[in-house]
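Just so you know, the sequences run in chain order H, E and G. For the first sequence, the numbering used here gives the first residue as 1147, with consecutive numbering after it. For the second sequence, the numbering used here gives the first residue as 18, with consecutive numbering after it. For the third sequence, the numbering used here gives the first residue as -5, with consecutive numbering after it. C-beta: ideal position from N, C-alpha, C; glycine also. The model shown is predicted, which means the values in this text are computed figures rather than measured ones. Before any comments, here is the structure.
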Amino acid sequence: MPLRDFRIPEFDAPEVQLPTGELAHETTIVSMGPQHPSTHGVLRLMLKLDGESVLQVVPVIGYLHRGTEKIAEKRSYAMIVPYTDRLDYISSMYMNLGYVRAVEGLLGIEAPPRARVIRTILGELQRIASHLVWLGTFGLDLGAWTAFIYCFRERELILDLFEQICGARLTYNAIRIGGIVADLPAGWEDGLRAYLTAQEQGLRDYEGLLTGNPVFRARIEGIGVISAADALNWGLSGPSLRGSGSTFDLRKDDPYECYGEVDFHVATADSGDCLGRYEVRIQEMHESLSIIRQLLPRLQEPGEVQTKVPRVLKPPAGEFYAHVEAPRGIFGVYVVSDGSANPVRVRFRSPSFANLSALNTMCAGMKLADVVAILGSIDIVLGEVDR
Amino acid sequence: MGVTGDQIAAACDKVPGGGYILARLDDVLNWARESSQWPVTFGLACCAIEMMATGAAHYDQDRLGIIYRATPRQADLMIVSGTVTKKMAPVLRRLYEQMPEPKYVIAMGNCASGGGPYYYDSYNTVRGVDLVVPVDIYISGCPPRPEQLLDALIALGQSYKKEHALKLARG
Amino acid sequence: MTTFAQLTHDQRAHLTGSEEAGGVWCLTTDPRKVRALLEGLRPAFDYPEDLTCIDTGGELRVFCRLWSTAQRQAVHVSLTIPRSRGHLPTASDLWRGYEWQEREVFDLFGVQFDGHPDLRRILTWEGFPGHPLLKDFVVDNDDSSWEIPEQTDQEIIDLLSRE
Chain H
1147 MPLRDFRIPE FDAPEVQLPT GELAHETTIV SMGPQHPSTH GVLRLMLKLD GESVLQVVPV
1207 IGYLHRGTEK IAEKRSYAMI VPYTDRLDYI SSMYMNLGYV RAVEGLLGIE APPRARVIRT
1267 ILGELQRIAS HLVWLGTFGL DLGAWTAFIY CFRERELILD LFEQICGARL TYNAIRIGGI
1327 VADLPAGWED GLRAYLTAQE QGLRDYEGLL TGNPVFRARI EGIGVISAAD ALNWGLSGPS
1387 LRGSGSTFDL RKDDPYECYG EVDFHVATAD SGDCLGRYEV RIQEMHESLS IIRQLLPRLQ
1447 EPGEVQTKVP RVLKPPAGEF YAHVEAPRGI FGVYVVSDGS ANPVRVRFRS PSFANLSALN
1507 TMCAGMKLAD VVAILGSIDI VLGEVDR
Chain E
18 MGVTGDQIAA ACDKVPGGGY ILARLDDVLN WARESSQWPV TFGLACCAIE MMATGAAHYD
78 QDRLGIIYRA TPRQADLMIV SGTVTKKMAP VLRRLYEQMP EPKYVIAMGN CASGGGPYYY
138 DSYNTVRGVD LVVPVDIYIS GCPPRPEQLL DALIALGQSY KKEHALKLAR G
Chain G
-5 MTTFAQLTHD QRAHLTGSEE AGGVWCLTTD PRKVRALLEG LRPAFDYPED LTCIDTGGEL
55 RVFCRLWSTA QRQAVHVSLT IPRSRGHLPT ASDLWRGYEW QEREVFDLFG VQFDGHPDLR
115 RILTWEGFPG HPLLKDFVVD NDDSSWEIPE QTDQEIIDLL SRE
């Protein structure tokens, strides 16, 4: 097929007038992205600067808008599960879980107990894997290359565990309506135990590299402060909200799967800056390891992993809203059915979308280099921002 | 590939006068290009995470001389890793045009190759990046495994051998 | 702590219907009363969880979900508006989080929010033809007619040039 012809739009920034005399109050408009190493994908930021100080940040999104919600209206309920994988591709398992829980709510069914235990373990493994990608790239943004290599070392171990269950490294489609794709393969638990030991050492390694590092701390301490009240008002969720001192976590506040049956502590920090968000995610990884350890004995109990679900799903007319605490915050799925095989509307409430909307508030009064740190600390994934 | 410093030294020793080696300039240039492919850092979607994994500890792309550059002006290869949308297509074309000759494009994954799962019913997806920029290598998979990306990069490096590097540099 | 009965009693002037389904409080209202209802809900429901729209074929249903962090309770507010030239008062001054959500509903469904500070398209681009999530927006699955759209940054430049 021939290449399409088109005109490339020019970026027409207003002409910069060089100041004569006074050097103060000269504003410049800078376009950052969509191809920029620190925008984590295809985000574009339009920055209004006074020298190095940021006056205003306008995020421009939609460069990865694939129309998932429109596509979902033309697919059957089971066919939508793989599309959810590709929303937040760093925590696909949780995207599956959110959607599947919405459809299960619509059908009025529940996964068997063993499937719920496995789902919880997979979810927490996914949370660690997602936070590892965040930690690696956050370090990378601030000039710490080594942590990236260390984080991806342990992440590969998690991906190996996932691969044994569903055969995929990134887009799992493992959590299905009414259960999970298959029971655990033989020897999986031993692999999990070996991973847990390696991860504990890994966490000590990363903290040794970053937490006490004065260069790293200087870049994130007191940067991008947002108060808990503001954060709630802006709809922030997940570690970005808990870094401001709020304890809002759906795993505690509206428990699902096995979270009501395990004992864990909601990680928070009071500072509300990039360091606070960093500390919350590091603590969350420790908590996730503890949750997995508590659930390990329950993997011994045999049982079904899939309830009977009709081959062609036709949920009764109605609607259901399910929300889960994904690694980035509250992932909500709203499904509306009219009784046919295709949904009328599937809505994905993505945490990164809300977290990104507060970027301008967090960047007020900061320097240009801090924007990169703040953006890294709220951990966005463009796949779910744009959907 | 496969020529070590020791082997070159041993070969040079056999040449009368020593220290000289005769080769076609094209072969030398192509050998250099093959061993230092610099892709532009350009992550679009899911495949970009696998691209990152290829560059990280386990798969260690650096050992093949593949180092990501943050600007298209220093890159000779673009890995289109993910879904290209209509909003993104002009940006993609501009990046391609900013790359110096000779330049290559790898379409990584089903979306970049032909729209993938977003081919039907999506109003904003470009159905294959080959509508926007010319593509040299397509990789299937959603997303492809890091091994597949490494295979494609090695295959691209091998393909340089057939090219007339001097002529390409003149454009 | 507010109970469902108490809430529906307090807000009865602004409601057209209410029910409690599966632990969620579902309220229905109409475009003229919605602003007063949301103002009444604001003190208790501090978290703007979701705002979206459903094209039921006949008319558009705007749906919003709020969460109370103190009470751990969700409330759904929904209302219907006509398909064309539907407009609603904005809620983005009550919950800042709705600023982008309303932009998204405007972009994908064409619902106007009166009083919104910056109602621009968000996911598609300036000059996108139509509102893609409406049921009568037909996606062309044949790409022979496909063209790369012209895009400009004019709206953003204008926004940033404002004092």
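Output yes if chain G places a C-beta closer than 8 Å to the C-beta of residue i; else output no.
i, result
"E/ASN141", "yes"
"E/MET18", "Legend: pLDDT at E/MET18 = 47, less than 50; position of this residue unreliable, no value from coordinates given."
"H/LEU1288", "no"
"E/LYS179", "no"
"H/HIS1411", "no"
"H/VAL1490", "yes"
"E/ASP93", "no"
"E/GLU155", "The amino acid at residue 155 of chain E is misidentified as Glu; the sequence shows Tyr. Closer than 8 Å: no."
"H/TYR1467", "yes"
At least one CB of chain H closer than 8 Å to the CB of residue i: is that the case?
i, result
"G/LEU127", "yes"
"G/TRP19", "no"
"E/ILE96", "no"
"G/THR23", "no"
"G/GLY34", "no"
"E/GLU67", "yes"
"G/ARG77", "no"
"E/PRO119", "no"
From residue i to residue j, what does the alpha carbon distance come to, in whole angstroms?
i, j, result
"H/LEU1252", "H/GLY1464", "7 Å"
"E/LEU112", "G/GLN148", "21 Å"
"G/THR46", "E/ARG110", "34 Å"
"E/ASP138", "E/PRO119", "36 Å"
"G/ARG156", "H/PRO1205", "16 Å"
"H/GLY1176", "H/SER1184", "This sequence places Val at residue 1176 of chain H; Gly is not what is there. So the alpha carbons of these two residues sit roughly 15 Å apart."
"H/PRO1331", "H/ILE1267", "15 Å"
"G/GLN5", "G/GLY34", "7 Å"
"H/ASN1359", "H/ALA1413", "22 Å"
"E/GLY132", "E/GLY126", "9 Å"
"G/ARG36", "G/LEU88", "7 Å"
"E/VAL122", "E/ILE171", "14 Å"
"E/LYS179", "E/LEU173", "11 Å"
"E/GLN24", "E/ILE38", "12 Å"
"E/PRO163", "H/VAL1327", "24 Å"
Of all the CB atoms in chain E, is at least one closer than 8 Å to the CB of residue i?
i, result
"G/GLN145", "yes"
"G/ARG142", "A small fix is needed here, since residue 142 of chain G is Ile in this sequence, not Arg. So, interface residue."
"H/PHE1499", "no"
"G/TRP119", "yes"
"H/VAL1188", "yes"
"H/LEU1193", "no"
"G/VAL133", "yes"
"H/TYR1405", "no"
"H/LEU1278", "no"
Taking 8 Å as the threshold (C-beta atoms), are residue j and residue i in contact?
i, j, result
"H/ALA1504", "H/LEU1382", "yes"
"E/GLY99", "E/ALA124", "no"
"H/LEU1355", "H/ALA1293", "yes"
"G/TRP19", "G/VAL69", "yes"
"H/MET1239", "H/GLY1282", "no"
"G/ILE23", "G/THR10", "The amino acid at residue 23 of chain G is misidentified as Ile; the sequence shows Thr. Closer than 8 Å, so yes."
"G/PHE103", "G/LEU31", "no"
"H/HIS1469", "E/ASN141", "no"
"G/LEU82", "G/ASP101", "no"
"H/ASP1234", "H/VAL1518", "no"
"H/VAL1479", "H/ARG1491", "no"
Drop a sphere of 10 angstroms on the beta-carbon of residue i, count the other beta-carbons inside from all chains shown, and report buried for 16 or more, exposed for fewer.
i, result
"H/THR1174", "exposed"
"H/SER1486", "exposed"
"G/GLU98", "buried"
"E/MET95", "buried"
"G/GLN145", "buried"
"H/VAL1458", "exposed"
"E/LYS31", "exposed"
"H/VAL1451", "buried"
"E/ALA169", "buried"
Please determine whether the Cβ atom of residue i lies at a distance below 7 Å from any heavy atom of the ligand ADP.
i, result
"H/GLY1358", "The ligand ADP is not among the ligands present in this structure, which contains no ligands whatsoever."
Would you check if there are 3 or more beta carbon pairs closer than 8 Å linking the stretch 1371 to 1391 of chain H to the stretch 1431 to 1443 of chain H?
no
Would you check if there are 3 or more beta carbon pairs closer than 8 Å linking the stretch 1468 to 1475 of chain H to the stretch 1256 to 1276 of chain H?
yes
Is it true that the stretch 1224 to 1233 of chain H meets the stretch 1410 to 1429 of chain H, where meeting means three or more beta-carbon pairs spaced less than 8 Å apart?
no
Check whether the stretch 1337 to 1352 of chain H touches the stretch 1293 to 1313 of chain H, taking contact to mean three or more Cβ pairs, one atom from each stretch, closer than 8 Å.
Contact between the stretch 1337 to 1352 of chain H and the stretch 1293 to 1313 of chain H is present, because at least three Cβ pairs lie under 8 Å.
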